Every structure is written in C-alpha cells, then in structure tokens.
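Notes for the one structure printed next.
Numbering (our numbering), first residue to last: 1 to 258.
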C-alpha cells in the first residue's frame with residue numbers, strides 16, 4: 001500500500017504515529033473526503049473483497065464505496081501505520097428499533113489503543129470520531145450516541161431530541177476475517193431485497209453538515225439548514241457527483257449490457 005497516496009486522497013496532513021490523535025484525525029478526514037456510495041452496484045460492476053481493489057477504486061480512481069470497501073481499506077491503512085485492528089460483524093436495524101439484520105450485514109472495526117475503540121467510516125451518517133468501546137453515552141460531532149452491552153451483543157443507538165432513540169446496528173466483538181463477509185457483500189449487490197439496489201446513493205460529511213445525492217435529488221445540509229433540489233437530467237447528476245464528491249465522469253455507466 002502507498003500510505004502517502006492514501007493520505008493525500010484524504011487530505012490528511014497530521015502525524016503518522018499510531019496514537020489516538022492520529023486515529024481521530026484519520027477518521028474525520030476519511031468521512032469528509034471519501035463518500036459512502038453504491039454507484040458500482042447500479043452500474044453492475046462487481047465488488048469483491050480485496051484490499052488492492054479497494055485501494056484502486058477509492059484512492060487511485062477517487063471513488064467511494066460501501067462498508068466492506070471503506071472499512072476494509074481503512075483497516076489496511078491503520079495496520080500499515082502500526083495500529084491493532086479487528087474486523088467486527090454488525091447487524092443493521094432496518095427500522096431503528098429491532099436488531100433483525102443478518103450477520104455480516106455490516107463491517108465495522110475495533111482498534112486496540114490504550115483501551116478499545118469503535119471505528120466506522122462506512123456507515124453514512126454515523127459517528128464522527130472513534131467511540132470508546134465501553135457502555136455509555138458518547139458525544140460525537142454534536143450528536144449523542146449510546147452504546148449498550150446486552151449479554152454478548154453491543155447495541156449502538158443515535159439519540160435525538162426528547163430522548164428519542166434510533167438503533168443503528170448491533171454487533172459482537174468476535175474477531176472476523178474479511179472473507180467471511182463475502183456472501184453478504186454479494187447479497188447487497190444482487191438481492192431484490194437489498195437496500196442498496198433501491199436507489200443510487202452518494203453521501204459524505206462536510207465541515208458544516210452533509211451533502212447527499214439520493215436518486216435524482218441533491219440534498220445539502222449546512223449549519224442545520226437543509227436544501228433540496230431535483231437533478232433533472234443524467235448530465236446534471238454526473239455534474240453533481242463530480243462537483244460535490246470528485247466522482248469521475250462515467251461512474252454510472254453500466255459496465256456490461258443488461
């Protein structure tokens with residue numbers, strides 16, 4: 001792995017030593033530089049669990065990806081920098097209440113560094129900085145997250161006004177191998193029940209909020225103010241992807257005939 005090229009992709013100019021400061025800085029820059037997106041799925045480009053393929057796509061081709069790609073590649077970077085990293089399996093809650101997602105539905109990371117830290121740069125609107133892997137309420141980016149341990153499972157929820165709570169996902173701390181996520185990675189690309197096949201999505205954090213392309217809608221949130229407009233043509237969609245995410249032209253062109 002070319003660490004320098006990866007860090008330039010992130011716009012990261014901080015220290016390289018495996019410290020909590022470095023981990024926090026890398027986590028934030030990843031969320032602000034690399035979008036969570038599913039464009040390859042809609043362009044029928046198969047996604048395989050391979051670190052070299054992740055690097056080519058995200059770093060060399062200036063793209064984003066979904067959890068298996070983003071957290072898979074981030075884990076490789078952290079290990080190259082000297083961090084101790086473990087793959088964990090998460091089960092995403094489809095309704096924000098019940099932990100009914102299947103095993104290996106989501107890939108997230110545990111980093112051991114003067115304790116344990118929950119790391120996730122592949123969940124869209126998740127936490128901004130690594131969270132202590134301890135039960136409790138933790139503030140991140142102006143949002144409060146709740147970590148609860150129920151027997152062998154950990155529940156991660158996002159708290160809102162009036163103590164409203166949305167369950168994001170449930171995970172265990174059983175160490176996993178990247179190849180164990182292969183079946184669910186294929187499922188999310190091919191199953192009619194997959195969330196990722198319902199609409200194109202490209203989203204990233206910004207210093208003042210978030211920018212998202214969902215289908216043909218461009219949604220921009222700045223300082224809590226949300227604006228939305230319809231992208232009227234394929235050209236407008238391509239332009240929005242290029243201007244807001246640096247996605248190169250042709251990312252939504254099918255790789256094979258239907």
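All C-beta atoms in this analysis are idealised placements derived from N, C-alpha and C, irrespective of residue type, glycine included.
In this text the structure is predicted, and so the values were computed from the model without any measurement.
Opening and closing residue of the beta strand (DSSP E) in which residue 139 lies: 136 to 140
At least 3 beta-carbon pairs within less than 8 angstroms: the stretch 144 to 164 vs the stretch 9 to 29: no
Within 8 angstroms, strictly: CB atoms of residue 158 and residue 32: no
Buried/exposed call for residue 5, threshold 16 Cβ in 10 Å: Exposed, since its Cβ has fewer than 16 Cβ neighbours within 10 Å.
Nearest-angstrom Cα separation, counted from residue 235 out to residue 112: 45 angstroms
Touching by the beta-carbon criterion (3+ pairs, under 8 angstroms), the stretch 78 to 90 and the stretch 106 to 123: yes
Exposure label - residue 259; buried when at least 16 CB within 10 Å: Nothing about residue 259 can be reported from this structure: the residues present for the chain run from 1 to 258 only.
Endpoints, beta strand (DSSP E) assigned at residue 219: 217 to 222
Pairwise C-alpha distance: residue 121 and residue 80: Distance between the alpha carbons of residue 80 and residue 121 is about 17 angstroms.
Those runs of the alpha helix (DSSP H) which lie wholly inside the stretch 2 to 77 and span at least 4 residues: DSSP runs (the alpha helix (DSSP H)) wholly in the stretch 2 to 77: 3 to 10, 20 to 33, 39 to 42 and 51 to 55.
Among 64, 51, 44 and 17, the one whose alpha carbon lies nearest that of residue 75: For residue 75, the nearest C-alpha among the options comes from 51.
Exposure of residue 130, with buried meaning 16 or more beta-carbon neighbours within 10 Å: buried
Exposure label - residue 226; buried when at least 16 CB within 10 Å: Burial call: exposed.
C-beta contact flag for residue 34 and residue 70 at 8 angstroms: yes
Cβ distance (whole Å) where residue 72 is taken to contact residue 20 below 8 angstroms: Rounded, the Cβ-Cβ distance is 22 angstroms, inconsistent with contact.
Extent of the continuous beta strand (DSSP E) to which residue 106 belongs: Counted as a single uninterrupted DSSP element, the beta strand (DSSP E) harbouring residue 106 occupies residues 106 to 112.
Neighbourhood of residue 59 by C-beta distance below 7 angstroms, restricted to the same chain and skipping five residues each side: Around residue 59: 5, 6 and 9.
Validate contact between the stretch 10 to 19 and the stretch 144 to 157 using beta carbons, cut 8 angstroms, 3 pairs: no
Minimum C-alpha distance to residue 149 - residue among 134, 48 and 138: For residue 149, the nearest C-alpha among the options comes from 134.
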